[in-house]
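Report on the following structure.
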Amino acid sequence: MEYSLPVFWGFFMLTGIALFILRVKERDAPRPFRVPGYPVVPGIFVLTCGLSAVLQPRRTTAKHALVGLVVLAVGAAVMLFGNRGQTTVSGSKKP
């Protein structure tokens with residue numbers, strides 16, 4: 108848990124930020140789900156996630172948080188450079 112919590116809260120925060128960005132960039136897009144209390148509730152969510160991502164390593168150890176971020180970076184590098192020259196979506200064949 109100590110290794111993954113900063114990454115976990117960081118991705119939650121990015122999801123909340125994406126809501127604000129998409130609302131600005133795609134103003135006319137259909138909204139099948141209305142966000143309750145927008146923009147106050149999502150803003151509180153983003154701030155809470157940011158605080159949790161920053162304060163969690165202080166409660167445990169910063170080394171553990173750094174290890175979690177290194178594991179994330181290695182996984183991202185493998186994903187980006189491991190599939191060179193290959194398609195990531197396989198074609199579906201009907202029987």
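Going left to right, the sequence shown walks through residues 108 to 202 as our numbering numbers them. Backbone N, C-alpha and C define an ideal beta-carbon position, used for all residues, glycine too.
- Here Val142 is exposed: its Cβ has fewer than 16 other Cβ atoms, across all protein chains shown, within 10 Å.
- Spanning the alpha carbons of Met186 and Val174 requires a straight line of approximately 18 Å.
- Per DSSP, the unbroken alpha helix (DSSP H) holding Thr122 starts and ends at 112–132.
- The straight-line gap separating the alpha-carbon atoms of Met108 and Thr122 is approximately 20 Å.
- In the structure shown, Phe188 adopts helical secondary structure according to DSSP, grouped into three states.
- With 16 or more other Cβ atoms from the protein chains shown falling within 10 Å of its own Cβ, Pro113 counts as buried.
- If the five residues before and after His171 are omitted, its C-beta is found closer than 6 Å to the C-beta atoms of Glu109, Tyr110, all from its own chain and listed in chain order.
- In the structure shown, the three-state DSSP call for Pro143 is coil.
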